[in-house]
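Numbering (my numbering), first residue to last: 7 to 190.
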């Protein structure tokens, strides 16, 4: 994972320098530990690794990181996860409309998220990447792991000519994915 993140860092710095400057500095181990204590959770190592690279993007930057979604700071991730989890059994009456084991790391500004799934909802594969659509019942698993998802972003930058780059690109070429699930 570290090599992928280093490569992604170089790609963003070289191909999207204005956007790269909008990424927030990394979090230290101590800062992450303090957030874990504050929210009474233990974050998975892959998720921590992303935030040791960059802590999301500035809130006044609306450029897409991936799949028409912005990269959330870890505090925003944990705030959003706590808020959405609190809605289970009240606003969210359908099982897995939201799941307490999801951490939303990217959002589109309209209430939809790309989440890191700590427990492997629907598949049993912890660490998968799943889409949450606030108004739709589909909960597609779009990548088996965060590492595979990041590798596909790196691949996109490797294989796309700079003049053809579109900040709204989508990662959708992962073998055997998405896995489609509907909650009812």
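All residues carry an ideal CB built from backbone N, CA and C; glycine is no exception.
With a Cβ-Cβ cutoff of 8 Å, do residue i and residue j count as a contact?
| i | j | result |
| --- | --- | --- |
| residue 174 | residue 74 | yes |
| residue 129 | residue 106 | no |
| residue 33 | residue 58 | yes |
| residue 135 | residue 109 | no |
| residue 81 | residue 41 | yes |
| residue 157 | residue 53 | no |
| residue 14 | residue 26 | no |
| residue 140 | residue 118 | yes |
What residues are listed by DSSP as bridge partners for residue i?
| i | result |
| --- | --- |
| residue 134 | 123 |
| residue 143 | DSSP, once it has assigned bridges, lists no residue as partnering residue 143. |
| residue 149 | 135 |
| residue 63 | 29 |
| residue 87 | Residue 87 is not bridged to any residue. |
| residue 72 | 75 |
| residue 108 | 123 |
| residue 188 | 144 |
| residue 98 | 94 |
Roughly how far, in whole angstroms, is the beta-carbon of residue i from the beta-carbon of residue j, given that I think they are within contact range, below 8 Å?
| i | j | result |
| --- | --- | --- |
| residue 72 | residue 159 | 6 Å |
| residue 163 | residue 21 | 6 Å |
| residue 1 | residue 93 | One cannot answer for residue 1 here, as it falls past the ends of the chain, which runs 7 to 190. |
| residue 149 | residue 111 | Contact doesn't hold; Cβ gap of about 12 Å is too wide. |
In or out: residue i buried (at least 16 other Cβ within 10 Å) or exposed?
| i | result |
| --- | --- |
| residue 155 | buried |
| residue 145 | buried |
| residue 143 | exposed |
| residue 138 | buried |
| residue 97 | exposed |
| residue 170 | exposed |
| residue 116 | exposed |
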